[in-house]
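*Asks:*
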Amino acid sequence: MSAAYIVTGTTRGIGQALAEEIALRGHMLFCISRAPEMQTGGRRNYMCDLRDPGETSKVMSRLMNDVPHASCSDVVLVNNAGTLAPIGFLENHTPVQMSDPMQVNLMAPAVLISSFIRESDRWGASRRIINITSGAALHPYAGWSLYCAAKAALNMLTRCAALEQEIRPNGVSICAVAPGVVNTGMQALIREAKDTDFPARARFLKMRQEGRLAEPAKVAALILDLDAGGKFQPGGIYDLRRVEWKEGKPHIEAMVI
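In this text, residue positions in the sequence shown follow our numbering: the first is 139, and each later residue adds one.
Rendered as C-alpha cells:
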C-alpha cells in the first residue's frame with residue numbers, strides 16, 4: 139500500500155520541493171495551490187484561493203472524496219502555504235492587508251485541518267498533519283507583526299488540536315515543523331524590503347552572503363524522512379535546525395514551549 143500526501147502551496151519554495159520529492163518517492167500527491175487544476179500520473183492539483191475560507195472548505199471536501207484511502211497505508215496533510223507580506227509596521231497596513239496573511243497563515247490551515255479530520259474519520263489509513271510553522275512564532279520581529287502572530291497562533295492551534303485528537307480513538311497525529319531560514323521567494327521579499335519597514339533586514343542579507351540559507355530540496359527530504367521514520371510526535375513543535383544524525387538517520391526532539 140502507498141501513502142497519499144496533500145500539500146498546500148506547491149507552486150514554489152518548500153511546497154514545490156515537497157511535491158517533487160513526494161513524486162520521486164512514488165507516493166500519491168494531491169496539491170492545493172493557485173496553479174490551474176490538472177491531473178497527471180499520480181499527481182492532482184486543485185486550484186484554490188486560501189484567503190477564502192468558504193472556497194478552501196469546498197475544495198478540500200472535493201479533494202478528500204478523490205483520495206483512494208482504502209488503498210493507502212498513510213494519508214498526510216502538509217499545511218505549507220504561507221505569506222510573509224505585508225512587511226512593515228502595523229499602523230501602516232490597511233484592514234485588507236491585515237486580513238490576507240491571517241487567512242492564509244492561520245485560518246486556511248484551521249479549515250483544512252477541520253475538514254481533514256472530519257472527512258477521514260472512518261478511514262483505516264494512518265492519518266497525520268504537518269503544519270509548517272516558523273521560528274518567528276517564538277521570536278518577535280519589528281515589521282513582521284502579522285506573520286509572527288499568525289505563526290504563533292498556528293503553533294497553539296497545533297497543540298490544541300493534537301490534544302483533542304488524543305482523546306479520540308483513531309485520532310489524527312498533528313505536529314508543526316519550523317524549517318529554518320530557507321532559500322525561497324520569501325527570502326527575496328525580505329531582501330527587497332526597506333530597512334525602515336524591516337529593521338532586521340541586514341541580518342538576513344548577511345545569512346545569504348555567508349551561504350547559511352537551507353535549500354528547499356534538502357528541507358523537503360528531511361521533513362519526509364522524519365515523518366516516515368515516526369520522529370514527529372503528536373502536539374510537538376519542531377525546529378529542523380535541531381536535527382541530530384545518528385547512524386545516518388535524522389533524529390529530532392520537540393521544542394519545550
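Using N, Cα and C, we set each Cβ at its ideal position, and we do this for glycine too.
Is the separation between the beta-carbon of S258 and that of S195 shorter than 8 Å?
*Replies:* The residue given as residue 258 occupies position 120 in the sequence shown. The residue given as residue 195 occupies position 57 in the sequence shown. Contact: no.
*Asks:* Compute the beta-carbon to beta-carbon distance between A359 and G374, rounded to the nearest angstrom, for a pair I have assumed lies under 8 Å.
*Replies:* Residue 359 sits at position 221 when you count from the first residue of the sequence shown. Residue 374 sits at position 236 when you count from the first residue of the sequence shown. No, A359 and G374 are not in contact; Cβ-Cβ is about 20 Å, not under 8 Å.
*Asks:* Who are the near neighbours of M139 in its chain, counting only those whose CB is closer than 7 Å to its CB and skipping five residues on each side?
*Replies:* Residue numbering aside, residue 139 sits at position 1 when the sequence shown is read from its first letter. Answer for M139: S209, C210 and S211, listed in chain order.
*Asks:* Between which two residues does the alpha helix (DSSP H) carrying I375 extend?
*Replies:* For the purposes of this step, residue 375 is taken as residue 237 along the sequence shown, with counting starting at 1. Unbroken run through I375 is the beta strand (DSSP E), I375 to D377; no alpha helix (DSSP H).
*Asks:* From C169 to D204, what distance separates their C-alpha atoms?
*Replies:* As a first step, residue 169 is located in the sequence shown; it is residue number 31 there, counting from the start. As a first step, residue 204 is located in the sequence shown; it is residue number 66 there, counting from the start. So the two alpha carbons sit approximately 12 Å from each other.
*Asks:* Measure from the alpha carbon of G220 to the alpha carbon of each residue in T232, M245 and R200, then state which is nearest.
*Replies:* Sequence index remark: in the sequence shown, residue 220 carries index 82 (1-based). Looking at the Cα atoms, M245 is the closest of the given residues.
*Asks:* I'd like to check one pair, T271 with A316: are the Cβ atoms closer than 8 Å?
*Replies:* Within the sequence shown, numbered from 1, the residue matching residue 316 stands at position 178. Within the sequence shown, numbered from 1, the residue matching residue 271 stands at position 133. Against a cut-off of 8 Å, the Cβ pair of T271 and A316 comes out as a contact.
*Asks:* Measure the Cβ-Cβ separation of G281 and I225 and say whether it is below 8 Å.
*Replies:* The residue labelled residue 281 in the question sits at position 143 within the sequence shown. The residue labelled residue 225 in the question sits at position 87 within the sequence shown. Their beta carbons are under 8 Å apart, which means G281 touches I225 by this criterion.
*Asks:* Nearest-angstrom Cα distance between I268 and L215?
*Replies:* Within the sequence shown, residue 268 is the residue found at index 130, counting from 1. Within the sequence shown, residue 215 is the residue found at index 77, counting from 1. Between I268 and L215, the C-alpha separation is close to 6 Å.
*Asks:* Note down the Cα distance separating H207 from K344, rounded to an integer number of angstroms.
*Replies:* Within the sequence shown, residue 207 is the residue found at index 69, counting from 1. Within the sequence shown, residue 344 is the residue found at index 206, counting from 1. Distance between the alpha carbons of H207 and K344 is about 46 Å.
*Asks:* Assign D187 to one of three DSSP states: helix, strand, or coil.
*Replies:* Against the sequence shown, residue 187 aligns to sequence position 49. Of the three classes helix, strand and coil, the one that applies to D187 here is coil, per DSSP.
*Asks:* With three or more beta-carbon pairs closer than 8 Å as the criterion, would you say the region 314-333 touches the region 375-382?
*Replies:* Contact holds: three or more Cβ-Cβ distances are below 8 Å.
*Asks:* Could you name each continuous beta strand (DSSP E) segment of 3 residues or more that falls completely within the region 200-233, going from the start of the chain to the end?
*Replies:* Entirely contained in the region 200-233, the beta strand (DSSP E) runs reaching 3 residues are, in chain order, 210-217.
*Asks:* Use the C-beta contact count for C286: other C-beta atoms within 10 angstroms, 16 or more gives buried, fewer gives exposed.
*Replies:* As a working note, residue 286 is residue 148 in the sequence shown. It is buried - the Cβ of C286 has at least 16 other Cβ atoms within 10 Å.
*Asks:* With which residues is M176 paired in a DSSP beta bridge?
*Replies:* Counting from one through the sequence shown, the residue named residue 176 turns up at place 38. DSSP, once it has assigned bridges, lists N183 as partnering M176.
*Asks:* Rounded to a whole number of angstroms, what is the C-alpha to C-alpha distance between N243 and D363?
*Replies:* As a first step, residue 243 is located in the sequence shown; it is residue number 105 there, counting from the start. As a first step, residue 363 is located in the sequence shown; it is residue number 225 there, counting from the start. Whole-angstrom Cα-Cα distance: 24 Å.
*Asks:* Per the DSSP calculation, L276 is bridged to which residue(s)?
*Replies:* As a position in the sequence shown, residue 276 is number 138, starting the count at 1. BP columns for L276 are empty, so no partner.
*Asks:* Considering only the beta carbon of each residue, do R181 and T149 sit closer than 8 Å?
*Replies:* Taking the sequence shown and counting its residues from 1, the one referred to as residue 181 is at position 43. Taking the sequence shown and counting its residues from 1, the one referred to as residue 149 is at position 11. Against a cut-off of 8 Å, the Cβ pair of T149 and R181 comes out as no contact.
*Asks:* DSSP three-state call for F168: helix, strand or coil?
*Replies:* Position 30 of the sequence shown, counted from the first residue, corresponds to residue 168. Here F168 sits in strand by DSSP.
*Asks:* Going by DSSP, name the residue or residues bridged to E353.
*Replies:* What you label residue 353 is simply residue 215 of the sequence shown in a count that begins at 1. According to DSSP, which records beta bridges pairwise, E353 is partnered with nothing at all.
*Asks:* Can you say whether E382 is buried or exposed, counting buried as having 16 or more other CB atoms within 10 angstroms of its CB?
*Replies:* One-based indexing of the sequence shown puts residue 382 at position 244. Under this definition E382 is an exposed residue.
*Asks:* Across which residues does DSSP place W383 in a beta bridge pair?
*Replies:* Position 245 of the sequence shown holds residue 383. In DSSP, W383 forms a bridge with P388.
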